[in-house]
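When we follow our numbering, the leftmost residue of the sequence shown carries the number 424, and every step to the right adds one.
Structure first, commentary second.
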Amino acid sequence: MTITSRFAPSPTGRLHVGNIRTALHNRMLAKKAGGKFLLRIDDTDAERSREEYVDTIRADLAWLGLEPDGEERQSQRLAIYEAAFEALKDAGRVYPAYETAQELELKRKVQLGRGLPPIYDRTALAMSDAERSAKEAKGAVPHWRFKLDHDQPIAWDDGVRGAQKFDPAQLSDPVIRRADGSWLYMLPSAVDDLDMGVTDVLRGEDHVSNTAVQIQMFTALIAAQYPTQQMPRFAHEALLIGREGKLSKRLGSLGCDAFREQGIEPQAVIALLARLGTSLPVEPIADRQVLLETFDLSTFGRAPARFDDAELERINAALVHQLDFAEVAHRLPEGMDEAGWHAIRPNLSHVGEASEWWRLVTGPIDSPEFSDEDRLYLGEAAKALSWSEDPWQDLIAALKERTGRKGKQLFLPLRQALTGMDHGPDMGELLPLIGEERARERLDAAAAL
Ligand code: GLU
């Protein structure tokens, strides 16, 4: 059986790091098996859904290299939900309810006050036809609940959490449709998973209790409407927490635009999130195939996964050091060639810093003040400078011999005079890029200060 997975964001905001992780894992789950990864836009909530977020979701997935194999939108599938709803109604699995939000809230308060779980008491289910007609004659418009079968225990083998069990009598019959006819999340999602042949539902553990309820929906829908389809497998991954160890507000708004602004490469986000919360080591792995081959739900832990910006920065820097010139050429300062990239790359934490370092080559540079002794030494260096295959090695060898200097005394004034800095890229690589003319000018200028 081939795998079809889906990522189902609601377009009510930008994707945040938790969503991105879910999207990534769903894609990996499918791709590892040569299957399909679908993007399903959950936009049944017309009031809160925004077209601009649909666009940013697509753009973010593209930036991350997580393009889906297909896209569906719930707002275009309303007729399918209507048909499923009718089928469930005929099967006696949905019923109208007339309580107002205030009435429901009051019931909850009373139950909680008595120390009882706030489970819906099924008053509406117990109503007679005459009572319903009387309500509607007075203008009441019902919302609709899915009727859980209390005799059908709920159990599944979760891909991350193992064996799960729920007693349906301990759950409220979920509201699936509002009085205005609009859909809540529960039913359309289950209908879509069946209708689109989704084999694996992988999502955050905040959905565990939804799964419990949806399992009965799946069973009822398969019986009533989708006899050839099968219940998907379920897996719920532990949530992401911030470094402080709490469900952090900041993580809820941290997304691709922030990563881009910080100069984080998409591949760093992928390498971190692919393995965060698993028993596999988080490493700066640039090759997605390697990440894919080692992806395995059985390595996922049940404890919350800790997202740490510093770890993302470390992975980013390590990946920048591996980037090939061809991959970054379009983002580099003018004139910077492959040799320039190679010289400078080890000093970068972000690709965007390349232009700061490239200025050491193109100038102008700020030369520090030198002691009289160093100025004499640099004058000597200007004279000794000769252009060859390896001008730096030749310069060092000549100066060692002429001045007897060694170590820091030999190297540091040269680096300072040639780059204006105490540290930086390998001088053997940098000096040929600076070139003979500029090198001589800088040495002369330093000697004359
Ligand atoms: N739109 C739902 C959400 O964003 C989808 C959950 C699911 O994966 O079924 O939470």
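Quick reminder that beta carbons are idealized off the backbone N, C-alpha and C, glycines included.
What you are looking at is a predicted structure, and each value in this text was computed from that prediction instead of being measured.
Quick check on residue i: does DSSP put it in helix, strand or coil?
| i | result |
| --- | --- |
| L462 | strand |
| H573 | coil |
| R825 | helix |
| P519 | strand |
| L625 | strand |
| Q587 | strand |
| R729 | strand |
| R737 | helix |
| E803 | helix |
| D616 | helix |
| R429 | strand |
| F641 | helix |
| R601 | coil |
| L663 | strand |
| D795 | helix |
| D719 | coil |
| A456 | coil |
| H439 | coil |
| D581 | strand |
| R537 | coil |
| W567 | strand |
| A524 | helix |
| W606 | strand |
| R865 | helix |
| R473 | coil |
| R656 | strand |
| M550 | coil |
| G668 | coil |
| T651 | coil |
Would you grab the beta carbon distance between residue i and residue j for me? Rounded to a whole angstrom, and I think it's under 8 Å.
| i | j | result |
| --- | --- | --- |
| L853 | A766 | 5 Å |
| L833 | R865 | Rounded, the Cβ-Cβ distance is 17 Å, inconsistent with contact. |
| L783 | G700 | Between G700 and L783 the Cβ distance is about 41 Å, and since that is not below 8 Å, they are no contact. |
| P597 | F641 | Not confirmed; about 13 Å, so no contact. |
| A726 | A661 | 6 Å |
| E859 | W781 | Contact doesn't hold; Cβ gap of about 18 Å is too wide. |
| L742 | A694 | 7 Å |
| R768 | H744 | 6 Å |
| M619 | T427 | 7 Å |
| S790 | A868 | 6 Å |
| T523 | Y476 | 31 Å between Cβ atoms; not a contact. |
| V692 | L487 | 6 Å |
| Q648 | A560 | Not quite, the Cβ-Cβ distance comes to about 32 Å (not below 8 Å), so this is no contact. |
| L771 | A777 | 6 Å |
| A613 | A514 | A613 to A514, Cβ: 14 Å. No contact. |
| L703 | T717 | 6 Å |
| D544 | K530 | 6 Å |
| W815 | M850 | 5 Å |
Let me check understanding here. Comparing Cα to Cα, which of the options lies closest to residue i?
| i | options | result |
| --- | --- | --- |
| Q399 | Q648, R838, R545 and D483 | With the chain represented from 424 up to 872, any question about residue 399 goes unanswered, as that position is not in the structure. |
| T651 | L617, L714, D845 and A635 | L617 |
| L527 | M844, Q839 and H566 | H566 |
| K455 | A697, Q816 and P787 | A697 |
| S498 | R471, R673 and P727 | R471 |
| T425 | N633, P655 and R584 | P655 |
| P787 | D513, S721 and G843 | G843 |
| A862 | F730, T785, E812 and L799 | T785 |
| Y504 | L644, N770, P855 and A749 | L644 |
| A635 | L625, L594, Q648 and R673 | L594 |
| R429 | A762, G441, R437 and L447 | L447 |
| S433 | M451, A453, L461 and I480 | I480 |
| R444 | R584, L677 and A592 | L677 |
| A658 | M850, L452 and V583 | V583 |
| L720 | L452, G436, T435 and R437 | L452 |
| V440 | V564, L663, L607 and T622 | L663 |
| L872 | G851, P855 and D795 | D795 |
| L489 | N449, E509, F508 and R737 | N449 |
| K558 | D572, P519 and K530 | P519 |
| P756 | D747, N770, I738 and G775 | G775 |
| R673 | D731, V621, T622 and A646 | D731 |
| A431 | S702, L462, G457 and L438 | L462 |
| A821 | D813, C679, A807 and A647 | A807 |
| G686 | R737, G668, P704 and R473 | R737 |
| R516 | I819, G665 and H573 | H573 |
| G457 | Q712, P576 and I577 | Q712 |
| G827 | H773, E812, R838 and A804 | A804 |
Which full runs of the alpha helix (DSSP H) of 4+ residues lie inside the region 681 to 708, going along the chain?
-> 689 to 698
For the ligand GLU, which residues have a Cβ under 5 Å from at least one heavy atom, in chain order?
-> A431, S433, D465, S612 and R626
Can you list the alpha helix (DSSP H) stretches of 4 or more residues lying completely in the region 476 to 515, in chain order?
-> Listed in chain order, the alpha helix (DSSP H) elements of length 4 or more contained wholly in the region 476 to 515 are 501 to 513.
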